[in-house]
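Engineer:
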Amino acid sequence: MYQIKLFNKISTVGTSRLDAAKYHCAEESDSYDAILVRSAKLHDTVFPKNCKCIARAGAGVNNIPLDRCADEGIVVFNTPGANSNAVKELVICGLLLASRKVVQGANWVQSLSGTPDIGPAAEKGKATYAGPEIMGKKLGVIGLGAIGWKVANAAVALGMDVIGYDPYLSDASKAALDPKVAVVTLEEIFADADYITVHVPLLDSTRSLINAETIAKMKDGVRIVNFARGELVDTAAMDAALTAGKVAAYVCDFASEEMLAQPNAIVLPHLGASTPESEDNCAVMACDEVSDFLENGNIVNSVNFPAVSLGAKNGSPRLLVLAKAGVDVSARLAAQGVAVSANSGGTRGNYSAFLADVDQVVSNVDGDGILAVRTF
């Protein structure tokens, strides 16, 4: 029976897809074949030798030591797109909050508790909380992946003029994108957008993407929404720009002392994917990835190894070899007298995967650079 360790509570809509005759899921376990996790930090976790994979029920994997996992032969999955609608809806909410001072107005009305004739008193103060409409304004969407294209399309439906930037725009996202969305350069977004929303992963190249230099290129009074990663925005630069009025409003999902003290910032408690629908969708995808890998060796939506797949396992033995990039697994198997009837292989960064239906059970592959050998 496969042992699955839960580092967070995972929706039973997902875990119920794991056959109870084959899988046992528990939060307390020292020896396990797989991990299901949401936000728990695993960087200091010592994984048992039999741990084969980790599935993150969500998109971001900053809480997982990807390279160490790869070196230990542990495949890490995420669930791209499973929470995209939930985040899209909150981003649209964020655009409105950046404009209409709804939060500030609501907080002020709360402060009127006990005031005589509270209705007229509240009405009298409403002018302080006026704000512009988003219809007819130009929105710049940085990143047109699973979330970004949905935000762009929703903004078009709300009457916004939408421009987007994505140097790695996939064919699927391009096909899904509303034809009214113009794909432009990053510099054009900085120069032309009235509103900017960011939807890119946190990488060395994207850290502090919004900084003093890029803010200086923006329109005066630009409004910025960030529900992707807090580190995409230089907090000190944003604080200075909000104080100076260069940025009229900043709405984000990531708390910091500077932004909590900033009257023109609205800070939420990382609510992007906090819907029951999103949690169910992520759990379903994560559990399906784990079962397909453990039973068939297929790697789908991995963030540290390439995608390989041969469908459902048939009667013959199946072998998965995880190795350093450049290792010719096929040649090594041939040298060991192993016949391959079907295979799927690839390389991702410094790591490779080779999945094959073979004529015999293989327990080891000779030579250096082999990280793990899994049999099915």
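To convert a position in the sequence shown, counted from 1, into my numbering, add 201. We put the CB at the ideal spot given by N, CA and C, even for glycine. All of these numbers come straight from a predicted model, not from anything done at the bench.
(1) Can you give me the Cβ contacts of residue 357 inside the same chain, cut-off strictly under 8 Å, excluding the 5 residues immediately before and after it?
(2) Kindly identify the DSSP beta-bridge partner or partners of residue 224.
(3) Whose C-beta lies closer than 6 Å to the C-beta of residue 413 among residues of the same chain, with five residues either side of it excluded?
(4) What runs of the beta strand (DSSP E), each 3 residues or longer, lie entirely inside the stretch 406-472?
(5) Between the C-alpha atoms of residue 547 and residue 359, what's the straight-line distance to the nearest angstrom?
(6) Helix, strand or coil for residue 545, going by three-state DSSP, please let me know.
(7) Quick one: what does DSSP say residue 558 is sitting in, helix, strand or coil?
(8) Decide if residue 542 is buried, meaning its Cβ has at least 16 other Cβ atoms within 10 Å, or exposed.
(9) Grouping DSSP H, G and I as helix and E and B as strand, with all else coil, what is residue 398?
(10) For residue 365, which residues does DSSP report across the bridge?
(11) For the alpha helix (DSSP H) containing residue 293, list its first residue and its last residue.
(12) Identify which residue in 256, 251, 249 and 266 has its Cα closest to the Cα of residue 242.
(13) What did DSSP end up calling residue 519 once you bin it into helix, strand or coil?
(14) If distances are taken between C-alpha atoms only, which option among 511, 512, 345 and 492 comes closest to residue 236?
(15) What are the partner residues of residue 530, as DSSP defines its beta bridges?
(16) Is it a yes or a no for the stretch 215-226 touching the stretch 479-498, going by three-plus beta-carbon pairs under 8 Å?
(17) Within the 8 Å Cβ cut-off, does residue 519 reach chain B?
(18) Between the stretch 253-266 and the stretch 523-533, do at least 3 Cβ pairs fall closer than 8 Å?
(19) DSSP three-state label for residue 233, please.
(20) I'd like the list of long-range same chain contacts for residue 304, defined as Cβ closer than 7 Å, with 5 residues on each side in sequence excluded.
(21) Which of helix, strand or coil does DSSP assign to residue 352?
(22) Assuming residue 254 is part of the alpha helix (DSSP H), what are its boundary residues?
(23) Suppose you measure from the CA of residue 464 to the CA of residue 391; what does that come to, to the nearest Å?
(24) Let me know the secondary structure DSSP gives residue 370 once reduced to three states.
(25) Could you pull out every residue in the same chain whose Cβ sits closer than 7 Å to the Cβ of residue 501, ignoring the five residues on either side in sequence?
(26) Going by beta carbon distance, what residues of the same chain come within less than 6 Å of residue 479, once the five residues before and after it are set aside?
Structural biologist: So, from the data block:
(1) Indexing the sequence shown from 1 puts residue 357 at position 156. Answer for residue 357: 363, 379, 381 and 382, listed in chain order.
(2) Numbered from 1 along the sequence shown, position 23 holds the residue referred to as residue 224. Its beta-bridge partners are 203.
(3) On the sequence shown, position 212 is the one that residue 413 refers to. Counting only Cβ-Cβ distances below 6 Å, and skipping sequence neighbours, we find 438.
(4) 423-427, 448-453 and 466-468
(5) Along the sequence shown, read from residue 1 onward, the residue named residue 547 stands at position 346. Along the sequence shown, read from residue 1 onward, the residue named residue 359 stands at position 158. Going from the Cα of residue 547 to the Cα of residue 359 covers about 42 Å.
(6) If you number the sequence shown from 1, residue 545 lands on position 344. It is a strand residue.
(7) Looking up residue 558 in the sequence shown gives position 357. In the structure shown, residue 558 sits in a strand (DSSP, three-state: E or B).
(8) Position 341 of the sequence shown, counting from 1, holds the residue named residue 542. Answer is exposed; the Cβ neighbour count stays below 16.
(9) The residue given as residue 398 occupies position 197 in the sequence shown. Residue state, collapsed to three classes: strand.
(10) For the purposes of this step, residue 365 is identified with residue 164 of the sequence shown, where counting begins at 1. Per DSSP, 342 and 384.
(11) Sequence index remark: in the sequence shown, residue 293 carries index 92 (1-based). From DSSP, the alpha helix (DSSP H) with residue 293 extends over 285-301.
(12) As a working mapping, residue 242 is identified with position 41 in the sequence shown. Comparing Cα positions, the closest option is 266.
(13) Reading the sequence shown from its first residue, position 318 is the one you call residue 519. Reduced to three states, the DSSP call for residue 519 is strand.
(14) On the sequence shown, position 35 is the one that residue 236 refers to. Answer by Cα proximity: 492.
(15) Walking along the sequence shown from the start, residue 530 turns up at place 329. DSSP lists no partner for residue 530.
(16) yes
(17) Here chain B cannot be found, since the structure has a single protein chain.
(18) no
(19) Counting from one through the sequence shown, the residue named residue 233 turns up at place 32. Residue 233 falls in the coil class under three-state DSSP.
(20) Translated into the one-based positions of the sequence shown, residue 304 becomes position 103. Excluding residues within five positions, the ones whose Cβ falls inside 7 Å are 298 and 467.
(21) Locating residue 352 in the sequence shown gives position 151, counting from the first residue. It is helical.
(22) In the sequence shown, counting from the first residue as 1, residue 254 sits at position 53. First-last for residue 254: 254-257, but that is the beta strand (DSSP E), not the alpha helix (DSSP H).
(23) Start at 1 with the first residue of the sequence shown, and residue 464 comes out as number 263. Start at 1 with the first residue of the sequence shown, and residue 391 comes out as number 190. Each residue's alpha carbon lies about 23 Å from the other.
(24) As a first step, residue 370 is located in the sequence shown; it is residue number 169 there, counting from the start. In the structure shown, residue 370 sits in coil (DSSP, three-state: anything other than H, G, I, E or B).
(25) To locate residue 501, count along the sequence shown from 1; it is residue 300. Answer for residue 501: 490, 493, 508 and 510, listed in chain order.
(26) Here residue 479 is taken as the residue at index 278 of the sequence shown, counted from 1. These residues qualify, in order along the chain: 284 and 287.
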